[in-house]
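Novice:
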Amino acid sequence: MTQTRTFLLLAWLMVATLLWMEWGKEQQAPVAPATPSAAPAATLPTGGVPAAAPTGAPAAQAVASASARAPLVRLRNDVLDLQLDGIQVVRAELSAYRQTREAGSPPVVLFDNDAAQAFSASSSWRGANGQAIPLQPEGAVHEHVLADGATQVEAVFSGRLADGVTLRRTYRLARGSYALRVHDEVLNTGSTSWTGQVDRRLQRIPPVPKRGLTNPEAFSLSGAAWYSPQDKYEKRKFQDFADKPLDPDAPKGKEVKGGWIALSQHYFLTAWIPQADQGALYSLRVAGPLHAIDADGPQATLAPGQKITSDATLWVGPKLAAQLEPVAPGLEKAMDYGYFTVLSQPIHSLLTLLHKLTHNWGWAIVLLVILIKLALYPLSAAQYRSMAKMRKFQPRIEQLKERYGDDKQKFQMAMLELYKKEKINPAGGCLPILIQMPVFLALYYVLLEAVELRQAPWILGWINDLTARDPYFILPIVNGAVMWLTQKMTPMVGMDPMQKKMMQMMPLVMAVMFAFFPAGLVLYWVTNGALGMLQQWWNTKRYAEEPAKA
Numbered sequence: 001m002t003q004t005r006t007f008l009l010l011a012w013l014m015v016a017t018l019l020w021m022e023w024g025k026e027q028q029a030p031v032a033p034a035t036p037s038a039a040p041a042a043t044l045p046t047g048g049v050p051a052a053a054p055t056g057a058p059a060a061q062a063v064a065s066a067s068a069r070a071p072l073v074r075l076r077n078d079v080l081d082l083q084l085d086g087i088q089v090v091r092a093e094l095s096a097y098r099q100t101r102e103a104g105s106p107p108v109v110l111f112d113n114d115a116a117q118a119f120s121a122s123s124s125w126r127g128a129n130g131q132a133i134p135l136q137p138e139g140a141v142h143e144h145v146l147a148d149g150a151t152q153v154e155a156v157f158s159g160r161l162a163d164g165v166t167l168r169r170t171y172r173l174a175r176g177s178y179a180l181r182v183h184d185e186v187l188n189t190g191s192t193s194w195t196g197q198v199d200r201r202l203q204r205i206p207p208v209p210k211r212g213l214t215n216p217e218a219f220s221l222s223g224a225a226w227y228s229p230q231d232k233y234e235k236r237k238f239q240d241f242a243d244k245p246l247d248p249d250a251p252k253g254k255e256v257k258g259g260w261i262a263l264s265q266h267y268f269l270t271a272w273i274p275q276a277d278q279g280a281l282y283s284l285r286v287a288g289p290l291h292a293i294d295a296d297g298p299q300a301t302l303a304p305g306q307k308i309t310s311d312a313t314l315w316v317g318p319k320l321a322a323q324l325e326p327v328a329p330g331l332e333k334a335m336d337y338g339y340f341t342v343l344s345q346p347i348h349s350l351l352t353l354l355h356k357l358t359h360n361w362g363w364a365i366v367l368l369v370i371l372i373k374l375a376l377y378p379l380s381a382a383q384y385r386s387m388a389k390m391r392k393f394q395p396r397i398e399q400l401k402e403r404y405g406d407d408k409q410k411f412q413m414a415m416l417e418l419y420k421k422e423k424i425n426p427a428g429g430c431l432p433i434l435i436q437m438p439v440f441l442a443l444y445y446v447l448l449e450a451v452e453l454r455q456a457p458w459i460l461g462w463i464n465d466l467t468a469r470d471p472y473f474i475l476p477i478v479n480g481a482v483m484w485l486t487q488k489m490t491p492m493v494g495m496d497p498m499q500k501k502m503m504q505m506m507p508l509v510m511a512v513m514f515a516f517f518p519a520g521l522v523l524y525w526v527t528n529g530a531l532g533m534l535q536q537w538w539n540t541k542r543y544a545e546e547p548a549k550a
């Protein structure tokens with residue numbers, strides 16, 4: 001196999017892979033709202049996991065009615081600006097992330113109380129009758145902003161049921177953190193036992209999906225993810241909520257201890273992490289346009305005078321692996337690289353190290369290519385030695401082609417016999433280039449998930465966002481030129497006229513296709529191609545041999 005054929009194979013493999021990924025998305029049915037029926041509450045021992053949690057309209061109405069009576073309280077640190085009513089976090093703005101690169105662009109909003117794009121997190125304690133404990137802010141101050149020099153800021157809510165059950169809830173935000181800590185104390189001050197449980201929920205109206213082979217957001221998970229120590233990381237797209245329960249073997253929910261639930265979108269994540277030693281029942285639900293993932297539990301029965309405490313963490317922020325990992329086991333897996341996790345994770349780590357050297361993600365990508373080229377140099381050297389031998393025997397191959405005419409089978413057999421006799425490895429040029437294919441796709445997924453590269457510039461005035469396409473199409477044009485020059489330096493041994501025509505079209509085809517890919521991905525491929533071309537030119541001179549006589 002020649003270098004030229006390898007380019008052709010690589011191009012079609014890449015196109016086929018992307019088409020397969022797009023086909024996978026197209027097979028998903030559009031979101032179909034459905035309203036599941038409510039399930040009755042179940043009684044379990046103190047601290048146990050409910051066998052069936054009440055979901056759907058009754059529970060949602062209980063939360064909504066309890067929340068409606070409470071004023072909104074603002075809780076803000078240096079990176080996160082939240083609005084909450086005690087039970088729900090109804091709005092979250094990420095101060096460090098802007099919606100666009102334009103001056104004055106508003107911050108990214110995750111939780112949103114706009115009815116058209118409702119998105120919230122809730123945590124409510126309710127009794128066996130489904131009644132939630134209402135909450136009101138303590139004190140007259142409804143705005144809590146992190147003070148200069150302070151390490152954290154907090155807001156406190158409290159409420160009481162008619163039968164004497166009280167709840168005191170404390171929200172805490174540390175400086176520089178996207179992890180909202182929630183501490184609950186439930187005390188039974190009444191004269192009879194009380195049974196209840198905490199229900200934690202993430203719910204939203206799914207965003208309109210963006211499609212397209214070259215649109216990174218189209219391949220990023222838009223839906224729910226969850227983690228349990230037993231089954232590890234799992235996920236479900238919004239359009240599959242109604243048809244595929246979280247656990248097919250337990251349609252009403254899955255009992256989990258030490259895990260988390262999340263709603264994921266491009267670059268950003270919201271996740272509830274319940275207290276690790278308290279069990280919960282994980283489930284998915286659809287109520288009208290709202291899609292939700294719940295963690296219901298623990299359930300407790302409190303005798304008069306008894307108290308139970310429960311802690312949880314709500315992550316509201318970007319997918320930053322270094323910050324996600326310490327928050328909860330497996331939370332860094334929410335950076336969903338799909339099939340390419342085994343390659344994407346080390347590439348992301350290596351890019352992060354290179355960025356510390358260059359302070360620019362574009363130059364970090366260039367250095368990444370150089371390191372990969374150095375690692376593959378022994379294979380590349382073997383490739384160019386093989387090409388030199390093939391160039392030496394090209395006259396004899398042309399003679400065989402003339403001898404056997406249209407009998408391609410005999411021509412192929414004769415050519416293979418020549419390769420065997422002269423110890424030529426026709427596949428010698430394939431491996432180094434084919435290795436680049438999974439690395440290329442793994443980097444694509446890094447661009448999908450690594451929020452550090454979002455809106456990251458390479459050369460200001462030209463590439464201002466490595467995750468967007470090149471606005472002037474310079475990189476795709478350079479890539480086409482590099483491919484064309486590489487072709488001119490490569491012997492087209494044993495190729496028929498049709499193959500040659502296809503190869504001659506490939507630089508143009510790839511230039512057009514890359515015009516719509518993220519600039520960071522094209523930068524990787526251009527750098528790889530340019531270094532490969534220089535390496536080929538040098539080794540062609542180094543291993544040059546006189547053509548063998550026909």
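The sequence shown: position 186 = 186 (my numbering), numbered continuously.
Cβ atoms here follow ideal geometry from the backbone N, Cα and C, with glycine treated the same way.
Predicted model, so just to flag it, every value in this text is computed and none were measured.
1. Where does the unbroken alpha helix (DSSP H) through Leu552 begin, and where does it stop?
2. Given this structure, state the Cα-to-Cα distance separating Ala116 from Ser264, to the nearest angstrom.
3. Return yes when at least one heavy atom of the ligand GDP lies under 7 Å from the C-beta of Leu531, else no.
4. Helix, strand or coil: how does DSSP classify His142 here?
5. For Ala132, write down the residues that DSSP places opposite it in a beta bridge.
6. Assuming His291 is part of the beta strand (DSSP E), what are its boundary residues?
7. Terminal residues of the continuous beta strand (DSSP E) containing Ser283?
8. Measure from the alpha carbon of Ser369 to the alpha carbon of each residue in Leu523, Trp125, Pro206, Gly139, then state which is nearest.
9. If I'm right that Ala456 touches Trp361 with Cβ under 8 Å, what's the distance once you round it to whole angstroms?
10. Measure the CB-CB distance between Pro137 and Val198 and report whether it falls below 8 Å.
11. Cα separation between Glu217 and Pro518?
12. At the level of alpha carbons, what is the spacing between Trp272 and Gln278?
13. Could you tell me whether the Cβ atoms of Phe411 and Tyr404 are closer together than 8 Å?
14. Which residue comes first and which comes last in the beta strand (DSSP E) that contains His183?
15. Classify Pro476 as helix, strand or coil using the three-state DSSP reduction.
16. Nearest-angstrom Cα distance between Gln487 and Leu416?
17. Rounded to whole angstroms, what's the CA-CA distance from Leu75 to Phe514? Just pull it up for me.
18. Hey, Val526 and Val482 are a contact pair by Cβ (cut 8 Å); roughly how many whole angstroms apart?
19. Please classify Arg542: does DSSP put it in a helix, a strand, or coil?
20. Rounded C-beta distance between Tyr246 and Ser283? I'm assuming under 8 Å.
21. Check Thr192 in the structure and name its three-state DSSP category.
22. Let me check understanding here. Comparing Cα to Cα, which of Ile261, Glu449, Leu110 lies closest to Arg200?
Specialist: Well, looking at it:
1. Because residue 552 is not part of the residues shown, which for the chain are 1 to 550, the question remains open.
2. Residue 116 sits at position 116 when you count from the first residue of the sequence shown. Residue 264 sits at position 264 when you count from the first residue of the sequence shown. Rounded to whole angstroms, Ala116 to Ser264 spans 19 Å at the Cα level.
3. Ligands displayed in this structure: none; no statement on the ligand GDP is therefore possible.
4. For this step, residue 142 is matched to residue 142 along the sequence shown. In this structure, His142 counts as coil in the three-state DSSP scheme.
5. The residue given as residue 132 occupies position 132 in the sequence shown. Answer by DSSP bridge pairing, in chain order: Arg126.
6. Here residue 291 refers to the residue found at position 291 of the sequence shown. 290-302 is the span of the beta strand (DSSP E), which, as asked, contains His291.
7. In the sequence shown, counting from the first residue as 1, residue 283 sits at position 283. Ser283 -> beta strand (DSSP E) spans 280-287.
8. Mapped onto the sequence shown, residue 369 falls at position 369. Per the sequence shown, residue 369 should be read as Val rather than Ser. It is Leu523 whose Cα lies nearest to the Cα of Val369.
9. Within the sequence shown, numbered from 1, the residue matching residue 456 stands at position 456. Within the sequence shown, numbered from 1, the residue matching residue 361 stands at position 361. With a Cβ gap of about 4 Å, Ala456 and Trp361 count as contacting.
10. In the sequence shown, the residue the question calls residue 137 occupies position 137. In the sequence shown, the residue the question calls residue 198 occupies position 198. For Pro137 and Val198, no; Cβs fall outside 8 Å.
11. Against the sequence shown, residue 217 aligns to sequence position 217. Against the sequence shown, residue 518 aligns to sequence position 518. Approximately 11 Å, taken between the alpha carbons.
12. Here residue 272 refers to the residue found at position 272 when the sequence shown is read from its first residue. Here residue 278 refers to the residue found at position 278 when the sequence shown is read from its first residue. About 13 Å.
13. Counting from 1 along the sequence shown, the entry for residue 411 is found at position 411. Counting from 1 along the sequence shown, the entry for residue 404 is found at position 404. Contact flag set, yes.
14. Your numbering for residue 183 matches position 183 in the sequence shown. Here the beta strand (DSSP E) through His183 covers 179-188.
15. Here residue 476 is taken as the residue at index 476 of the sequence shown, counted from 1. Helix, per DSSP.
16. To locate residue 487, count along the sequence shown from 1; it is residue 487. To locate residue 416, count along the sequence shown from 1; it is residue 416. Gln487 and Leu416: Cα-Cα distance of roughly 23 Å.
17. Your numbering for residue 75 matches position 75 in the sequence shown. Your numbering for residue 514 matches position 514 in the sequence shown. Looking at the two C-alpha atoms, the distance is approximately 44 Å.
18. Taking the first residue of the sequence shown as position 1, residue 526 is located at position 526. Taking the first residue of the sequence shown as position 1, residue 482 is located at position 482. Contact holds; Cβ gap of about 6 Å.
19. Start at 1 with the first residue of the sequence shown, and residue 542 comes out as number 542. Arg542: helix per DSSP, three-state reduction.
20. If you number the sequence shown from 1, residue 246 lands on position 246. If you number the sequence shown from 1, residue 283 lands on position 283. Correcting the residue type first, residue 246 is Leu in the shown sequence and not Tyr. Indeed they touch by this definition, with Cβ atoms about 6 Å apart.
21. Position 192 of the sequence shown holds residue 192. The answer is coil: DSSP assigns Thr192 none of H, G, I, E or B.
22. Against the sequence shown, residue 200 aligns to sequence position 200. That would be Ile261, whose Cα lies nearest to the Cα of Arg200.
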